[in-house]
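A.B. asks: The sequence shown begins at 500 in the numbering used here and counts up by one. Below are the structure tokens for one structure; questions will follow.
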Amino acid sequence: MYIQKNPGKGYTEYLSRRGEDCGTRLDVGLLILDAGECWNYFNEEDEMAALLFEGEVEFAWNGLTGRADCFREDPWCLHVCRGTRVTVTAKSHAEIYIQATDNPNPFDCRLYRPEDTMVQHAGDKGELMGCMRREIKTLFDYESAPYSNMVVGEVLNFPGKWSSYPPHHHPQPEVYFHRFDYPHGFGASFANGEIYKSQHNGLTVINHGFHSQTAAPGYAMCYVWGIRHLDGDPWRKTRIDDPEHAWLWKADANDHIFQMEDKQ
Numbered sequence: 500m501y502i503q504k505n506p507g508k509g510y511t512e513y514l515s516r517r518g519e520d521c522g523t524r525l526d527v528g529l530l531i532l533d534a535g536e537c538w539n540y541f542n543e544e545d546e547m548a549a550l551l552f553e554g555e556v557e558f559a560w561n562g563l564t565g566r567a568d569c570f571r572e573d574p575w576c577l578h579v580c581r582g583t584r585v586t587v588t589a590k591s592h593a594e595i596y597i598q599a600t601d602n603p604n605p606f607d608c609r610l611y612r613p614e615d616t617m618v619q620h621a622g623d624k625g626e627l628m629g630c631m632r633r634e635i636k637t638l639f640d641y642e643s644a645p646y647s648n649m650v651v652g653e654v655l656n657f658p659g660k661w662s663s664y665p666p667h668h669h670p671q672p673e674v675y676f677h678r679f680d681y682p683h684g685f686g687a688s689f690a691n692g693e694i695y696k697s698q699h700n701g702l703t704v705i706n707h708g709f710h711s712q713t714a715a716p717g718y719a720m721c722y723v724w725g726i727r728h729l730d731g732d733p734w735r736k737t738r739i740d741d742p743e744h745a746w747l748w749k750a751d752a753n754d755h756i757f758q759m760e761d762k763q
């Protein structure tokens, strides 16, 4: 499933467990504030993550933070447990990704700073002629935050490149919230046996099947990836490759192309 919206100021809901969550067990939304505006959050049952896409905000519980945008800095993300009162005050125009789910466990709230981000530079060794070069940025997952019922991260998908590739799947549903360096940028999402045109502020919901992503040449795509652990089956970097495309992992997967070029 793919959800495209043109969000205005305030909180725009994409998924809600009290409405339609498409089987993800997640609440997902985009919060847009202008300078001086505030947003208050409190929930007695849910943990919540607020990931800053752009702008400068003050999280009432932990001082002033700032970020240019998701293409030039690693992320800032506030992660709070149930029963935590949060006030977000915008110091400039700000756009923030919100993700929440139920979690009865109390834990120490944390503001993840850029230096806390786990960054994997994938596909930069020339694999598949550099076509799947991307940066995978994990804020928290089961290994780093076993007390959480969620996973939150970002992927920087370079222009014309692929990510979540080769195609793979895992039992846990996943969401991709897309952002582009230019609002009219676009790409494609392969998920649920369908192909979707991914656009700025669009959400791909993956609840079955193999999935992968690509961005059009000239447009950088940054997307948040969020997972809700299944009860008794958390996502532990689970990756089940499509056997039809598993050969792509071979170190010499594209050697035959270079051999063809040499003959010309």
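The beta-carbon is built from N, C-alpha and C at its ideal position, and this holds for glycine as well.
1) Run through DSSP, which three-state label would LEU702 get?
2) Could you tell me which of GLY684, GLY708, SER688 sits nearest to HIS699, measuring between CA atoms?
3) Consult DSSP for ARG517 and reduce its assignment to one of helix, strand or coil.
4) Can the beta-carbon of CYS608 be found less than 8 Å from the beta-carbon of THR583?
5) Candidates ILE739, ARG517, GLN671, TYR540: which alpha carbon is nearest ALA559's?
6) Residues in its own chain within less than 7 Å of LEU627 by CB, not counting five upstream and five downstream?
7) Measure the beta-carbon distance from LYS590 to ALA534 and round it to whole angstroms, keeping in mind my assumption that it falls under 8 Å.
8) Which ranges would you report for the beta strand (DSSP E) in the segment 659-736 if only whole runs of at least 3 residues count?
9) Can you tell me which of the three DSSP states GLY565 falls into?
10) Report yes if the CB atom of LEU525 is closer than 8 Å to the CB atom of THR600, and no otherwise.
11) Please report the straight-line C-alpha distance between MET720 and PRO605, rounded to a whole angstrom.
12) For ASN648 and PRO716, what's the separation of their Cα atoms in angstroms?
13) Using alpha carbons as the reference points, say which of PHE679, TYR675, ASP680, PRO682 lies closest to ALA690.
14) Cα separation between THR637 and GLU546?
15) Below 8 Å, how does it come out for the segment 568-577 and the segment 630-645: are there three or more Cβ pairs, yes or no?
16) Leaving aside the five residues before and after ASP615 along the sequence, list all residues of the same chain whose C-beta is less than 7 Å from its C-beta, in chain order.
17) What separation, rounded to the nearest whole angstrom, lies between the Cα atoms of LYS537 and ILE739?
18) If we call anything under 8 Å between Cβ atoms a contact, is ALA687 one with THR713?
19) Is VAL556 closer than 8 Å to GLY725 when the C-beta atoms are compared?
20) Would you kindly check if the distance between the Cβ of PRO658 and the Cβ of LEU729 is under 8 Å?
21) Is any non-hydrogen atom of the ligand NAD found closer than 7 Å to the C-beta of CYS569, if you look at the structure I gave you?
22) With a CB to CB cut of under 7 Å and the five nearest residues on each side skipped, what residues in its chain are close to TYR646?
23) Classify ALA752 as helix, strand or coil using the three-state DSSP reduction.
24) Please classify MET759: is it buried, with 16 or more other beta-carbons within 10 angstroms of its beta-carbon, or exposed?
C.D. replies: Inspection of the coordinates gives the following:
1) strand
2) GLY684
3) coil
4) yes
5) TYR540
6) LEU747, ALA752, ASN753
7) 6 Å
8) 661-668, 673-679, 685-690, 693-698, 701-705, 710-714, 720-727
9) strand
10) yes
11) 34 Å
12) 36 Å
13) TYR675
14) 18 Å
15) yes
16) none
17) Note on identity: in this sequence residue 537 is Cys, with Lys being the wrong assignment. Cα to Cα, CYS537 sits roughly 42 Å from ILE739.
18) yes
19) no
20) no
21) In the structure on display, the ligand NAD does not appear, and there are no ligands present to speak of.
22) ASN604, PHE606
23) coil
24) Caution applies to MET759, whose pLDDT of 45 falls short of 50 and renders its modelled position unreliable; the model cannot decide the point.
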